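Residue numbers (the numbering used here): 1 to 380.
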(Lines of atoms letter the chains of each structure in order from A and count residues from 1; the text may use other names and numbers.)
(Lines give C-alpha, C1' and ligand atoms only; values in the text may rest on other atoms or scores of the structure.)
Protein backbone atom coordinates (compact mmCIF):
# COMPACT_ATOMS: atom_id res chain seq x y z
CA UNK A 1 0.00 0.00 0.00
CA UNK A 2 1.14 3.54 -0.67
CA UNK A 3 0.15 6.89 0.70
CA UNK A 4 0.81 10.53 -0.05
CA UNK A 5 2.65 11.08 3.19
CA UNK A 6 4.87 8.86 5.24
CA UNK A 7 4.64 8.78 9.04
CA UNK A 8 6.25 11.58 10.95
CA UNK A 9 9.65 10.78 12.35
CA UNK A 10 10.95 10.92 15.88
CA UNK A 11 11.18 14.69 15.84
CA UNK A 12 13.61 15.88 18.46
CA UNK A 13 15.06 12.38 18.66
CA UNK A 14 16.56 12.78 15.24
CA UNK A 15 14.34 11.15 12.66
CA UNK A 16 14.49 14.18 10.39
CA UNK A 17 12.13 15.85 7.96
CA UNK A 18 8.71 14.73 6.77
CA UNK A 19 9.00 12.34 3.86
CA UNK A 20 6.95 11.16 0.93
CA UNK A 21 6.61 8.00 -1.14
CA UNK A 22 7.27 7.76 -4.85
CA UNK A 23 7.79 4.65 -6.98
CA UNK A 24 11.04 4.02 -8.79
CA UNK A 25 10.81 4.54 -12.56
CA UNK A 26 10.21 1.17 -14.13
CA UNK A 27 13.43 1.35 -16.11
CA UNK A 28 15.63 2.17 -13.13
CA UNK A 29 18.19 -0.58 -12.51
CA UNK A 30 20.56 -1.33 -9.68
CA UNK A 31 23.43 -3.69 -9.03
CA UNK A 32 22.60 -6.68 -6.86
CA UNK A 33 18.97 -7.70 -6.55
CA UNK A 34 16.31 -6.28 -8.86
CA UNK A 35 12.65 -6.20 -7.91
CA UNK A 36 9.72 -5.53 -10.22
CA UNK A 37 8.01 -2.18 -9.83
CA UNK A 38 4.97 -3.76 -8.22
CA UNK A 39 6.97 -5.11 -5.28
CA UNK A 40 7.09 -3.37 -1.92
CA UNK A 41 10.87 -3.06 -2.32
CA UNK A 42 10.38 -0.88 -5.39
CA UNK A 43 8.94 1.93 -3.29
CA UNK A 44 11.34 4.81 -2.94
CA UNK A 45 11.51 6.71 0.32
CA UNK A 46 12.42 10.34 -0.33
CA UNK A 47 12.50 13.33 1.95
CA UNK A 48 11.87 17.01 1.58
CA UNK A 49 15.40 18.27 1.80
CA UNK A 50 18.70 16.51 1.57
CA UNK A 51 18.96 13.27 3.52
CA UNK A 52 22.64 14.04 3.90
CA UNK A 53 21.87 17.43 5.47
CA UNK A 54 19.29 15.74 7.67
CA UNK A 55 21.78 13.14 8.91
CA UNK A 56 24.52 15.66 9.52
CA UNK A 57 22.09 17.71 11.57
CA UNK A 58 20.48 14.89 13.53
CA UNK A 59 22.99 12.07 13.68
CA UNK A 60 26.65 11.23 13.49
CA UNK A 61 26.33 8.54 10.82
CA UNK A 62 29.15 9.02 8.29
CA UNK A 63 28.17 10.49 4.94
CA UNK A 64 29.56 9.49 1.58
CA UNK A 65 31.86 12.49 1.80
CA UNK A 66 33.52 11.00 4.87
CA UNK A 67 33.80 7.49 3.42
CA UNK A 68 36.51 6.36 1.06
CA UNK A 69 35.05 3.48 -0.90
CA UNK A 70 37.49 0.59 -0.61
CA UNK A 71 35.89 -1.59 -3.29
CA UNK A 72 32.95 -1.45 -5.66
CA UNK A 73 31.05 -3.68 -3.22
CA UNK A 74 29.73 -0.79 -1.12
CA UNK A 75 27.55 2.24 -1.75
CA UNK A 76 25.65 4.95 0.09
CA UNK A 77 21.87 4.57 0.38
CA UNK A 78 20.34 7.67 1.92
CA UNK A 79 23.17 8.03 4.42
CA UNK A 80 23.64 4.32 5.08
CA UNK A 81 26.97 2.82 3.94
CA UNK A 82 25.96 -0.67 2.89
CA UNK A 83 27.12 -3.41 0.55
CA UNK A 84 25.49 -4.09 -2.79
CA UNK A 85 24.39 -7.45 -1.44
CA UNK A 86 21.38 -5.47 -0.23
CA UNK A 87 19.12 -4.15 -2.96
CA UNK A 88 18.89 -0.37 -2.82
CA UNK A 89 15.10 -0.25 -2.94
CA UNK A 90 14.81 -2.89 -0.20
CA UNK A 91 17.07 -0.84 2.07
CA UNK A 92 14.86 2.20 1.47
CA UNK A 93 11.75 0.11 2.01
CA UNK A 94 13.24 -1.18 5.27
CA UNK A 95 13.96 2.30 6.56
CA UNK A 96 10.45 3.42 5.59
CA UNK A 97 8.66 0.52 7.29
CA UNK A 98 6.04 1.72 9.77
CA UNK A 99 6.19 -0.51 12.86
CA UNK A 100 2.96 -2.09 14.02
CA UNK A 101 1.97 -2.17 17.70
CA UNK A 102 3.77 -5.05 19.36
CA UNK A 103 6.54 -5.31 16.79
CA UNK A 104 9.83 -6.54 18.24
CA UNK A 105 13.11 -5.52 16.61
CA UNK A 106 16.48 -7.18 17.16
CA UNK A 107 19.07 -4.56 16.30
CA UNK A 108 22.85 -4.54 16.26
CA UNK A 109 25.89 -3.51 14.31
CA UNK A 110 26.96 -6.58 12.28
CA UNK A 111 28.64 -9.43 14.18
CA UNK A 112 27.67 -8.24 17.63
CA UNK A 113 25.32 -11.12 18.42
CA UNK A 114 22.30 -10.55 16.19
CA UNK A 115 21.96 -14.18 15.11
CA UNK A 116 22.33 -15.38 18.69
CA UNK A 117 19.58 -13.03 19.85
CA UNK A 118 17.37 -14.13 16.94
CA UNK A 119 17.67 -17.72 18.17
CA UNK A 120 17.00 -16.64 21.76
CA UNK A 121 13.84 -14.71 20.92
CA UNK A 122 12.64 -17.41 18.53
CA UNK A 123 13.15 -20.07 21.21
CA UNK A 124 11.45 -18.03 23.93
CA UNK A 125 8.41 -17.76 21.68
CA UNK A 126 8.40 -21.49 20.84
CA UNK A 127 9.27 -22.82 24.27
CA UNK A 128 12.64 -24.11 23.14
CA UNK A 129 11.55 -25.79 19.93
CA UNK A 130 14.19 -24.93 17.30
CA UNK A 131 13.30 -23.98 13.72
CA UNK A 132 13.05 -26.91 11.35
CA UNK A 133 15.07 -25.09 8.68
CA UNK A 134 16.44 -21.71 7.63
CA UNK A 135 13.29 -20.73 5.76
CA UNK A 136 11.20 -21.06 8.91
CA UNK A 137 13.82 -19.17 10.95
CA UNK A 138 14.11 -16.33 8.44
CA UNK A 139 10.33 -16.10 8.11
CA UNK A 140 9.86 -15.68 11.87
CA UNK A 141 12.90 -13.39 12.25
CA UNK A 142 13.08 -11.58 8.87
CA UNK A 143 16.09 -9.46 7.96
CA UNK A 144 14.49 -6.11 7.14
CA UNK A 145 17.19 -4.65 4.88
CA UNK A 146 17.42 -7.87 2.89
CA UNK A 147 13.69 -8.41 2.38
CA UNK A 148 12.33 -4.88 2.66
CA UNK A 149 9.12 -4.03 4.48
CA UNK A 150 7.38 -7.02 2.91
CA UNK A 151 9.39 -9.40 5.08
CA UNK A 152 8.11 -7.70 8.23
CA UNK A 153 4.55 -7.43 6.97
CA UNK A 154 4.43 -11.16 6.18
CA UNK A 155 6.13 -12.22 9.43
CA UNK A 156 3.99 -14.57 11.55
CA UNK A 157 3.32 -13.14 15.00
CA UNK A 158 4.87 -13.46 17.49
CA UNK A 159 8.13 -12.88 15.69
CA UNK A 160 11.07 -10.51 15.70
CA UNK A 161 12.44 -8.28 12.94
CA UNK A 162 16.21 -8.21 12.48
CA UNK A 163 17.94 -4.98 11.44
CA UNK A 164 21.44 -3.52 11.48
CA UNK A 165 20.22 0.07 11.27
CA UNK A 166 21.52 2.91 13.44
CA UNK A 167 18.93 4.59 15.64
CA UNK A 168 18.25 7.58 13.40
CA UNK A 169 17.50 5.33 10.40
CA UNK A 170 15.61 2.66 12.35
CA UNK A 171 11.83 2.41 11.84
CA UNK A 172 10.59 3.67 15.18
CA UNK A 173 7.40 3.53 17.19
CA UNK A 174 6.85 3.93 20.93
CA UNK A 175 4.55 0.92 20.62
CA UNK A 176 7.35 -1.32 19.32
CA UNK A 177 10.16 -2.94 21.31
CA UNK A 178 13.86 -2.84 20.46
CA UNK A 179 16.51 -5.28 21.68
CA UNK A 180 19.92 -3.77 20.95
CA UNK A 181 22.83 -6.20 21.08
CA UNK A 182 26.34 -4.82 21.36
CA UNK A 183 29.83 -6.28 21.53
CA UNK A 184 33.26 -4.87 22.32
CA UNK A 185 34.94 -3.33 19.26
CA UNK A 186 37.95 -5.65 19.27
CA UNK A 187 36.00 -8.91 19.06
CA UNK A 188 33.41 -7.36 16.75
CA UNK A 189 36.17 -6.38 14.33
CA UNK A 190 37.61 -9.91 14.31
CA UNK A 191 34.24 -11.59 13.85
CA UNK A 192 33.27 -9.14 11.12
CA UNK A 193 36.54 -9.85 9.31
CA UNK A 194 35.83 -13.60 9.18
CA UNK A 195 32.23 -12.92 8.13
CA UNK A 196 33.30 -10.61 5.29
CA UNK A 197 35.99 -13.03 4.16
CA UNK A 198 33.49 -15.91 4.08
CA UNK A 199 30.98 -14.33 1.69
CA UNK A 200 32.23 -14.22 -1.92
CA UNK A 201 29.92 -11.28 -2.67
CA UNK A 202 32.13 -9.09 -0.46
CA UNK A 203 35.07 -9.88 -2.77
CA UNK A 204 37.35 -10.17 0.26
CA UNK A 205 38.28 -13.86 0.14
CA UNK A 206 41.99 -13.33 -0.46
CA UNK A 207 42.41 -10.30 1.78
CA UNK A 208 43.92 -10.10 5.23
CA UNK A 209 42.83 -9.03 8.69
CA UNK A 210 45.15 -6.03 8.34
CA UNK A 211 43.14 -4.86 5.34
CA UNK A 212 39.83 -5.36 7.11
CA UNK A 213 41.10 -3.56 10.21
CA UNK A 214 41.65 -0.47 8.05
CA UNK A 215 38.06 -0.66 6.84
CA UNK A 216 36.69 -1.18 10.34
CA UNK A 217 38.62 1.62 11.96
CA UNK A 218 37.72 4.09 9.21
CA UNK A 219 34.04 3.15 9.14
CA UNK A 220 34.03 1.73 5.62
CA UNK A 221 32.97 -1.86 6.31
CA UNK A 222 29.33 -2.85 5.82
CA UNK A 223 26.96 -0.52 7.72
CA UNK A 224 29.66 2.09 8.25
CA UNK A 225 31.20 3.18 11.52
CA UNK A 226 30.93 0.85 14.50
CA UNK A 227 31.14 3.62 17.08
CA UNK A 228 28.54 5.86 15.46
CA UNK A 229 26.17 2.90 15.43
CA UNK A 230 26.79 2.01 19.08
CA UNK A 231 26.47 5.58 20.29
CA UNK A 232 23.23 6.15 18.38
CA UNK A 233 21.56 3.37 20.38
CA UNK A 234 23.49 3.74 23.62
CA UNK A 235 21.95 7.17 24.08
CA UNK A 236 18.55 5.43 24.24
CA UNK A 237 19.52 2.58 26.55
CA UNK A 238 17.17 3.82 29.28
CA UNK A 239 14.14 4.19 27.02
CA UNK A 240 11.24 2.06 28.23
CA UNK A 241 10.98 0.22 24.90
CA UNK A 242 14.71 -0.45 24.50
CA UNK A 243 16.66 -3.34 26.05
CA UNK A 244 20.44 -3.13 25.69
CA UNK A 245 22.27 -6.45 25.94
CA UNK A 246 25.99 -7.06 25.58
CA UNK A 247 27.38 -10.16 23.92
CA UNK A 248 29.77 -10.55 26.83
CA UNK A 249 26.97 -10.57 29.43
CA UNK A 250 25.13 -13.21 27.42
CA UNK A 251 28.25 -15.36 27.42
CA UNK A 252 28.79 -14.86 31.14
CA UNK A 253 25.23 -15.56 32.30
CA UNK A 254 22.95 -16.72 29.50
CA UNK A 255 20.28 -17.95 31.91
CA UNK A 256 19.75 -14.59 33.62
CA UNK A 257 19.77 -12.66 30.39
CA UNK A 258 17.38 -15.01 28.63
CA UNK A 259 14.96 -14.41 31.49
CA UNK A 260 15.46 -10.64 31.13
CA UNK A 261 14.77 -10.87 27.41
CA UNK A 262 11.65 -12.93 28.13
CA UNK A 263 10.43 -10.31 30.61
CA UNK A 264 11.01 -7.61 28.03
CA UNK A 265 9.01 -9.54 25.44
CA UNK A 266 6.11 -10.07 27.82
CA UNK A 267 5.48 -11.30 31.33
CA UNK A 268 3.75 -14.41 30.02
CA UNK A 269 7.01 -15.58 28.45
CA UNK A 270 9.04 -14.91 31.58
CA UNK A 271 6.48 -16.68 33.76
CA UNK A 272 6.60 -19.74 31.53
CA UNK A 273 10.39 -19.95 31.81
CA UNK A 274 10.45 -19.31 35.55
CA UNK A 275 7.76 -21.86 36.31
CA UNK A 276 8.88 -24.60 33.94
CA UNK A 277 12.54 -25.48 34.39
CA UNK A 278 12.36 -27.99 31.55
CA UNK A 279 11.34 -25.29 29.08
CA UNK A 280 14.05 -22.92 30.32
CA UNK A 281 16.70 -25.62 30.01
CA UNK A 282 15.47 -26.42 26.52
CA UNK A 283 15.79 -22.75 25.52
CA UNK A 284 19.30 -22.65 27.00
CA UNK A 285 20.27 -25.77 25.06
CA UNK A 286 18.99 -24.73 21.63
CA UNK A 287 20.50 -21.24 21.96
CA UNK A 288 23.92 -22.53 22.97
CA UNK A 289 26.78 -21.88 20.56
CA UNK A 290 27.44 -25.57 19.91
CA UNK A 291 23.79 -26.24 19.09
CA UNK A 292 23.60 -23.21 16.80
CA UNK A 293 26.70 -24.39 14.94
CA UNK A 294 24.48 -27.21 13.74
CA UNK A 295 22.74 -24.65 11.54
CA UNK A 296 25.92 -23.75 9.65
CA UNK A 297 25.08 -26.07 6.77
CA UNK A 298 21.63 -24.50 6.60
CA UNK A 299 23.23 -21.06 6.43
CA UNK A 300 25.47 -22.23 3.59
CA UNK A 301 22.49 -23.70 1.75
CA UNK A 302 20.70 -20.42 2.22
CA UNK A 303 23.56 -18.45 0.65
CA UNK A 304 23.59 -20.82 -2.32
CA UNK A 305 19.83 -20.57 -2.82
CA UNK A 306 19.33 -16.99 -1.64
CA UNK A 307 17.18 -16.01 -4.61
CA UNK A 308 14.72 -18.88 -4.29
CA UNK A 309 14.54 -18.73 -0.50
CA UNK A 310 14.10 -14.96 -0.48
CA UNK A 311 11.20 -15.40 -2.87
CA UNK A 312 9.71 -18.05 -0.60
CA UNK A 313 9.97 -15.89 2.53
CA UNK A 314 8.88 -12.52 1.18
CA UNK A 315 6.70 -13.54 -1.74
CA UNK A 316 8.75 -11.29 -4.01
CA UNK A 317 9.80 -12.20 -7.53
CA UNK A 318 13.54 -11.67 -7.24
CA UNK A 319 15.91 -11.51 -10.18
CA UNK A 320 19.60 -10.77 -10.08
CA UNK A 321 21.53 -8.27 -12.10
CA UNK A 322 24.84 -9.24 -13.63
CA UNK A 323 27.33 -7.38 -11.41
CA UNK A 324 27.15 -9.67 -8.38
CA UNK A 325 25.27 -12.64 -9.83
CA UNK A 326 28.14 -15.12 -9.82
CA UNK A 327 29.46 -14.10 -6.40
CA UNK A 328 26.00 -14.17 -4.84
CA UNK A 329 25.45 -17.72 -6.07
CA UNK A 330 28.63 -18.98 -4.44
CA UNK A 331 28.23 -20.56 -0.98
CA UNK A 332 29.94 -18.97 1.97
CA UNK A 333 33.36 -20.48 2.59
CA UNK A 334 33.38 -20.29 6.39
CA UNK A 335 30.94 -20.92 9.22
CA UNK A 336 28.22 -18.36 9.94
CA UNK A 337 28.30 -19.32 13.62
CA UNK A 338 32.04 -19.49 14.27
CA UNK A 339 33.74 -19.51 17.70
CA UNK A 340 31.27 -17.52 19.76
CA UNK A 341 33.90 -16.52 22.32
CA UNK A 342 35.11 -13.41 24.12
CA UNK A 343 38.74 -12.45 23.57
CA UNK A 344 39.47 -13.74 20.07
CA UNK A 345 40.98 -10.31 19.32
CA UNK A 346 44.18 -11.57 21.00
CA UNK A 347 44.73 -13.90 18.05
CA UNK A 348 44.54 -11.13 15.46
CA UNK A 349 45.48 -7.65 16.72
CA UNK A 350 49.05 -6.41 16.46
CA UNK A 351 50.47 -3.96 19.03
CA UNK A 352 50.14 -1.15 16.50
CA UNK A 353 46.51 -2.06 15.79
CA UNK A 354 45.73 -2.11 19.51
CA UNK A 355 47.28 1.35 19.80
CA UNK A 356 45.23 2.68 16.89
CA UNK A 357 42.02 1.12 18.16
CA UNK A 358 42.54 2.69 21.58
CA UNK A 359 43.07 6.06 19.91
CA UNK A 360 39.91 5.57 17.86
CA UNK A 361 37.94 4.62 20.97
CA UNK A 362 39.17 7.71 22.81
CA UNK A 363 38.24 9.95 19.90
CA UNK A 364 34.81 8.50 19.13
CA UNK A 365 33.59 7.95 22.71
CA UNK A 366 34.81 11.20 24.25
CA UNK A 367 32.11 12.38 26.66
CA UNK A 368 30.32 9.01 26.58
CA UNK A 369 30.30 6.11 29.03
CA UNK A 370 29.87 3.57 26.22
CA UNK A 371 33.07 1.68 26.99
CA UNK A 372 31.92 1.18 30.60
CA UNK A 373 29.81 -1.64 29.18
CA UNK A 374 33.04 -3.66 29.05
CA UNK A 375 34.75 -2.46 32.22
CA UNK A 376 34.69 -6.04 33.54
CA UNK A 377 35.98 -7.50 30.27
CA UNK A 378 39.70 -7.84 29.73
CA UNK A 379 40.40 -5.41 26.89
CA UNK A 380 43.65 -3.62 25.99
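In this text, a Cβ means the ideal position worked out from N, Cα and C, and glycines have one as well.
On a predicted model such as this, the values are computed, not experimentally measured, just so you know.
Residue i versus residue j - alpha carbon distance
i, j, result
"residue 235", "residue 131", "34 Å"
"residue 84", "residue 154", "24 Å"
"residue 365", "residue 170", "21 Å"
"residue 136", "residue 278", "24 Å"
"residue 206", "residue 159", "38 Å"
"residue 198", "residue 204", "8 Å"
"residue 167", "residue 94", "13 Å"
"residue 280", "residue 184", "28 Å"
"residue 201", "residue 148", "19 Å"
"residue 375", "residue 139", "37 Å"
"residue 99", "residue 113", "23 Å"
"residue 172", "residue 211", "35 Å"
"residue 237", "residue 243", "7 Å"
"residue 127", "residue 282", "8 Å"
"residue 208", "residue 215", "11 Å"
"residue 363", "residue 274", "43 Å"
"residue 349", "residue 108", "23 Å"
"residue 290", "residue 342", "15 Å"
"residue 361", "residue 177", "29 Å"
Residue i versus the options, residue with shortest Cα-Cα distance
i, options, result
"residue 245", "232, 260, 231", "260"
"residue 74", "242, 377, 220", "220"
"residue 228", "210, 182, 255, 269", "182"
"residue 233", "290, 208, 164", "164"
"residue 346", "283, 189, 375, 284", "189"
"residue 141", "86, 104, 173, 128", "104"
"residue 272", "123, 290, 341, 291", "123"
"residue 125", "286, 89, 209, 90", "286"
"residue 152", "120, 119, 129, 90", "90"
Residues that DSSP places opposite residue i in a beta bridge
i, result
"residue 246", "182"
"residue 80", "77"
"residue 342", "Answer by DSSP bridge pairing: none, since residue 342 is not bridged."
"residue 104", "177"
"residue 163", "107"
Spatial neighbours of residue i in its chain, beta-carbon cut-off 7 Å, leaving aside the 5 residues before and after
i, result
"residue 353", "213"
8 Å CB neighbourhood of residue i in its chain, flanking five on each side removed
i, result
"residue 367", "none"
"residue 344", "187, 190, 191"
Assumed close pair residue i, residue j - CB separation to whole angstroms, cut-off 8 Å
i, j, result
"residue 248", "residue 377", "5 Å"
"residue 357", "residue 217", "7 Å"
"residue 81", "residue 224", "4 Å"
Contact set for residue i: own chain, Cβ-Cβ below 6 Å, skip 5 residues either direction
i, result
"residue 195", "111"
"residue 240", "none"
"residue 101", "175"
"residue 250", "257"
"residue 145", "86, 91, 94"
"residue 129", "none"
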